[in-house]
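>
Spelled out as structure tokens, the structure:
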């Protein structure tokens, strides 16, 4: 084969090889899968606004009277417990002061001694009066005999002076008269002594009575002061709380209320601690349903006020609900 023809065939073969390689590359490119499209981020829908919220809370009375300690002293006794129904004027407890009690005991002892002295003088006076009465009666009888013999003696002396009676008769009457006079003088003196004793005892009795009256007034004053330690209910109602124990020392400054008494247990409220994010959803006037364990139905109420982070729900008790009970409160939110 001529050299020129060989070059032609070699060039043709090289061109064909190039075309075949280009075709293969195009086929391979077309056979590659197309890349998947990038996912589009989904747009989340805003959460649905809740129609209500439910919160736990503690029931408490609306109308409450606090009873502070009546004085700075020691609790001696309590006569009412939490939950008791009490009435106006009822003594709920008693407080005392150690110094006042010591003084009262001293005055009471003095009053008892004065009373015993008065009673002793009264008894002595009664006996003295009986003795004086008997002595005066004896003296009166002796005086009657003395007067009779005095008259007889005078008569006998007159008769003797006229010679109408012997000297022996006169002497006998004279002796009897002198004896009667001596007896009368002795009995009269005894009666006078008894009567003077009665007079003295009457003065002693007046003094004893005056002392007794003074001691009694002092004791009454201390009893009245001690009565100031009585813890008295000012109203009818129910005891919902009590603090302190017998023997504990308290003062009005330390304990503002020994007793708390609710006057109307139909008007109640629930204090709810509300998380700050939820607090902005609440406002006074929103309706609420108060549910108490053991009650068949809830009780209708509403938010009466917002206090800091607490919502106060007021309601009228139509079922079993007492201060201190735990309640679940469902509140209807604004749409």
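Numbering (our numbering), first residue to last: 27 to 361.
Cβ atoms here follow ideal geometry from the backbone N, Cα and C, with glycine treated the same way.
(1) Please report the straight-line C-alpha distance between residue 88 and residue 130, rounded to a whole angstrom.
(2) Let me make sure I understand the geometry here. Which of 153, 273, 200 has the alpha-carbon closest to that of residue 122?
(3) DSSP three-state call for residue 276: helix, strand or coil?
(4) So, is residue 145 buried or exposed, given that buried needs 16 or more other C-beta atoms within 10 angstroms?
(5) Using the Cα positions of residue 329 and residue 355, report the straight-line distance between them to the nearest angstrom.
(6) Identify which residue in 238, 305, 249, 345 has its Cα closest to the Cα of residue 80.
(7) Where do the ends of the beta strand (DSSP E) carrying residue 313 lie?
(8) Any heavy atom of the ligand SAH closer than 7 Å to the Cβ of residue 301?
(9) What are the complete beta strand (DSSP E) segments, minimum 3 residues, inside the region 208-294?
(10) Do you know how far the Cα of residue 342 is from the Cα of residue 326?
(11) If you pair each beta-carbon of the region 96-110 with each one of the region 276-296, do three or more pairs fall below 8 Å?
(12) Report the partner residues of residue 93 according to the DSSP bridge assignment.
(13) Is the beta carbon of residue 163 sitting closer than 8 Å to the one on residue 223?
(14) If I measure Cβ to Cβ from residue 210 and keep anything under 7 Å in the same chain, skipping five residues before and after, which residues do I get?
(15) Can you grab the Cα-Cα spacing for the pair residue 337 / residue 246, in whole Å?
On the basis of the coordinates in this document:
(1) Within the chain shown, numbered from 1, the residue matching residue 88 stands at position 62. Within the chain shown, numbered from 1, the residue matching residue 130 stands at position 104. Distance between the alpha carbons of residue 88 and residue 130: 42 Å.
(2) For this step, residue 122 is matched to residue 96 along the chain shown. It is 273 whose Cα lies nearest to the Cα of residue 122.
(3) Position 250 of the chain shown, counted from the start, is the residue given in the question as residue 276. Reduced to three states, the DSSP call for residue 276 is strand.
(4) Residue numbering aside, residue 145 sits at position 119 when the chain shown is read from its first letter. The residue is exposed, with fewer than 16 neighbouring Cβ atoms inside 10 Å.
(5) As a first step, residue 329 must be located in the chain shown, where it is residue number 303. As a first step, residue 355 must be located in the chain shown, where it is residue number 329. If you take the alpha carbons of residue 329 and residue 355, they lie about 10 Å apart.
(6) The sequence position of residue 80 within the chain shown is 54, counting from 1. Per the Cα distances, 305.
(7) By one-based count along the chain shown, residue 313 stands at place 287. Counting along the chain, the unbroken beta strand (DSSP E) around residue 313 starts and ends at 313-318.
(8) This structure lacks the ligand SAH; in fact it carries no ligand of any kind.
(9) Counting whole runs of 3 or more residues, the region 208-294 contains the beta strand (DSSP E) stretches 256-258, 263-268, 285-288.
(10) Counting from one through the chain shown, the residue named residue 326 turns up at place 300. Counting from one through the chain shown, the residue named residue 342 turns up at place 316. Using only the alpha carbons, I get a separation of about 7 Å.
(11) Touching, yes, given that three or more Cβ pairs across the two stretches are closer than 8 Å.
(12) Mapped onto the chain shown, residue 93 falls at position 67. DSSP, once it has assigned bridges, lists 285 as partnering residue 93.
(13) Indexing the chain shown from 1 puts residue 163 at position 137. Indexing the chain shown from 1 puts residue 223 at position 197. No, Cβ-Cβ distance for residue 163 and residue 223 is not below 8 Å.
(14) Taking the chain shown and counting its residues from 1, one reaches residue 210 at position 184. Excluding residues within five positions, the ones whose Cβ falls inside 7 Å are 165, 168, 169, 172.
(15) In the chain shown, the residue the question calls residue 337 occupies position 311. In the chain shown, the residue the question calls residue 246 occupies position 220. The alpha-carbon atoms of residue 337 and residue 246 are separated by roughly 53 Å.
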